[in-house]
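2 protein chains.
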Amino acid sequence: MVDARIGKTRAALAAAMLELIAERDFSAITVADIVAKADVGYATFFRHYQDKEGLLFDAADRLIDELLPTMLPALRDEDTRSASIALCRFINDRKAICRALFAGGAEPQVRRILTERSMARAETTGLPDPPGLPFRLAITHSVRATLGILAWWFDEAPDMDCEEVGAIIDRLVIAPVRKG
Amino acid sequence: MVDARIGKTRAALAAAMLELIAERDFSAITVADIVAKADVGYATFFRHYQDKEGLLFDAADRLIDELLPTMLPALRDEDTRSASIALCRFINDRKAICRALFAGGAEPQVRRILTERSMARAETTGLPDPPGLPFRLAITHSVRATLGILAWWFDEAPDMDCEEVGAIIDRLVIAPVRKG
DNA sequence: TAACTTATGATATACCATGTATCATAAGTA
DNA sequence: TACTTATGATACATGGTATATCATAAGTTA
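Protein chains in written order, with the numbering used here: chain Z, 1 to 180; chain H, 1 to 180.
See the structure below:
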């Protein structure tokens with residue numbers, strides 16, 4: 001059996017990182033900040049992760065695994081609006097971590113991971129080519145624009161409900177990509 | 001009269017920074033890198049700028065001053081496609097610096113400046129409210145999505161001409177924001 | 001041209017964050 | 001209970017930031 005201390009330490013580090021990333025820019029967070037908030041020794045951090053990006057990617061990877069199956073139907077199904085609203089509901093149910101990863105100072109790094117994995121998944125699951133648009137542009141633009149709208153939702157319109165935000169994403173992002 | 005050495009030093013620093021930002025991520029560039037390429041003493045850098053972001057913002061500010069009058073007509077005029085193509089022509093004529101500032105590792109910082117100044121200018125010049133969209137969302141989304149498409153153009157489709165890219169920006173960004 | 005002002009280069013220095021190494025100890029496993 | 005090992009504390013090397021100082025060279029002014 002794996003040592004229980006490992007999971008405990010990693011969970012403490014991840015929780016501390018998410019708290020900090022919600023407060024300030026990712027680049028302004030130091031390893032010393034993270035271990036202080038996690039109540040973990042400084043050297044211990046590097047026994048688990050190569051650097052603070054390693055910790056970030058670990059947390060982001062797990063979220064993206066869950067997120068992808070919810071995200072891609074909007075680019076495949078007929079009812080794009082329902083798919084967009086479903087995406088917003090998924091996000092809304094995991095607001096804390098999504099806010100930290102998508103709207104915090106780590107957005108560029110997380111977006112890169114999400115874009116790459118979306119492309120890989122879109123290729124293997126045979127996503128239909130968007131009419132009149134290069135495939136890679138369609139993906140990068142969809143991911144970037146969607147994350148931007150979600151960040152706006154978190155930061156400037158937290159009371160807006162999933163249906164409204166989903167409709168906005170459908171209008172501003174999904175529909176223009178899908179329709180020729 | 002102002003000392004000619006000042007302008008010479010600042011020009012050398014700006015040119016060096018633009019070269020470096022085109023090569024690698026902004027966060028991976030050190031002040032020592034900049035002064036080495038500019039052939040300027042290390043301490044001299046801090047006599048002109050507080051830090052490397054200060055130098056970046058100085059260059060970005062001057063470009064944005066020129067850019068804003070070309071960018072906003074797309075959100076005001078009737079012929080949005082022509083305005084989008086005009087924007088691409090403007091960018092194409094200043095490809096080196098635009099690529100460095102918009103598609104390099106400093107994109108988040110430059111985007112923040114551009115978004116703020118777009119909002120300020122849109123308010124003072126009385127931009128028509130986008131139908132069914134909060135004003136701030138319309139601006140942040142337009143800026144973010146446009147910069148994303150430009151970055152894709154620079155990095156993955158450098159041979160595409162201004163008319164094609166302008167049409168894409170019009171279809172993916174401007175038209176969805178303008179039409180209710 | 002000469003006298004001045006000042007921006008610069010070189011150097012030294014303090015500070016902080018990263019990342020590694022070591023060792024005693026405490027926690028978990030068998 | 002005996003073991004394995006993850007941890008905390010500490011020390012240390014490295015590298016980037018930022019400031020201070022001083023002689024010099026460059027530019028300005030008379």
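Here a beta-carbon is modelled for each residue, glycine too, at the ideal position from N, C-alpha and C.
If you're wondering where the values come from, they're calculated on a predicted model, not measured in any experiment.
8 Å Cβ cut-off: residues of chain Z touching residue i
i, result
"ARG181 of chain H", "Any answer about residue 181 of chain H is impossible in this case: the structure gives chain H only from 1 up to 180."
"HIS141 of chain H", "ALA145, GLY148, ILE149, TRP152 and LEU172"
"ILE27 of chain H", "In the sequence under discussion, the amino acid at residue 27 of chain H is Ser, which differs from the Ile named in the question. Within 8 Å Cβ-Cβ: SER27."
Best match in the options for proximity to residue i [C-alpha to C-alpha]
i, options, result
"GLY104 of chain Z", "H:PRO108, H:ALA16 and H:ALA103", "H:PRO108"
"ARG10 of chain H", "H:THR124, H:HIS48, H:ILE64 and H:ASP77", "H:HIS48"
"VAL173 of chain Z", "Z:VAL40, Z:LEU137 and Z:LEU18", "Z:LEU137"
"ILE21 of chain H", "H:ASP58, H:ASP170, H:GLU116 and H:ALA100", "H:ALA100"
"ILE29 of chain H", "H:GLY41, H:ALA16, H:ALA145 and H:ASN92", "H:ALA16"
"ILE169 of chain H", "H:GLY148, H:LYS179 and H:GLU156", "H:GLY148"
"LEU114 of chain H", "H:VAL35, H:LEU67, H:TYR42 and H:GLU53", "H:LEU67"
"GLU78 of chain Z", "Z:ILE64, Z:LEU127 and Z:LYS52", "Z:LEU127"
"ALA122 of chain Z", "Z:GLY132, Z:ASP51, Z:VAL143 and Z:ALA4", "Z:VAL143"
"ILE6 of chain Z", "Z:ARG24, Z:GLU23, Z:THR44 and Z:LYS179", "Z:THR44"
"ASP93 of chain H", "H:ALA167, H:CYS162 and H:ALA4", "H:CYS162"
"ALA120 of chain H", "H:THR140, H:LYS179 and H:ALA145", "H:THR140"
"ILE85 of chain Z", "Z:THR146, Z:ALA38 and Z:GLY54", "Z:THR146"
"LEU150 of chain Z", "Z:LEU133, Z:ILE91 and Z:GLU116", "Z:ILE91"
"LYS179 of chain H", "H:LEU56, H:ARG76 and H:ARG62", "H:ARG76"
"PRO69 of chain Z", "Z:LEU87, Z:LEU56 and Z:PHE57", "Z:LEU87"
"PHE102 of chain H", "H:LEU56, H:LEU133, H:ARG81 and H:THR80", "H:LEU56"
"LEU133 of chain Z", "H:ARG171, H:GLU53 and H:ALA36", "H:ARG171"
Residue i: contacting residues in chain Z (beta-carbon distance under 9 Å)
i, result
"PRO176 of chain H", "ARG171, LEU172, VAL173, ALA175 and PRO176"
C-beta neighbour in chain Z for residue i, strict 8 Å
i, result
"PRO134 of chain H", "yes"
"LEU137 of chain H", "yes"
"PRO221 of chain H", "Since the first and last residues shown for chain H are 1 and 180, residue 221 of chain H lies out of range."
"GLU116 of chain H", "no"
Rounded straight-line distance, which links the Cα of residue j to that of residue i
i, j, result
"VAL110 of chain Z", "ALA96 of chain Z", "15 Å"
"PRO176 of chain H", "TRP153 of chain H", "20 Å"
"GLU164 of chain H", "ALA83 of chain H", "13 Å"
"SER27 of chain Z", "VAL40 of chain Z", "20 Å"
"PHE46 of chain Z", "LEU13 of chain Z", "11 Å"
"MET71 of chain H", "PHE135 of chain Z", "26 Å"
"ARG112 of chain H", "ASP129 of chain Z", "32 Å"
"LYS8 of chain Z", "VAL2 of chain Z", "12 Å"
"ALA106 of chain Z", "ALA59 of chain H", "24 Å"
"THR125 of chain H", "SER118 of chain H", "10 Å"
"ASP51 of chain H", "ILE34 of chain H", "11 Å"
"LEU18 of chain Z", "ASP65 of chain Z", "18 Å"
"ASP155 of chain H", "PRO131 of chain Z", "21 Å"
"ARG89 of chain Z", "ALA4 of chain H", "60 Å"
"ASP25 of chain Z", "ALA167 of chain Z", "29 Å"
"ALA185 of chain H", "VAL31 of chain Z", "The displayed coordinates of chain H run from 1 to 180. Any statement about residue 185 of chain H would go beyond what the structure contains."
"ARG188 of chain Z", "ALA38 of chain Z", "Because chain Z here runs from 1 to 180, residue 188 of chain Z falls outside it and cannot be looked at."
"GLU23 of chain H", "PRO158 of chain Z", "38 Å"
"GLY54 of chain H", "THR80 of chain H", "34 Å"
"MET160 of chain H", "GLU116 of chain H", "29 Å"
Contacts that residue i makes with chain H (C-beta to C-beta distance below 8 Å)
i, result
"ALA157 of chain Z", "PRO134 and LEU137"
Pick out the complete alpha helix (DSSP H) segments inside the region 86-166 of chain H, 4 residues or longer, and give them in chain order. 95-98, 107-124 and 135-156
At which residue ranges does the region 1-62 of chain Z contain complete alpha helix (DSSP H) runs of 4 or more residues, listed in the order of the chain? 4-23, 31-38 and 42-48
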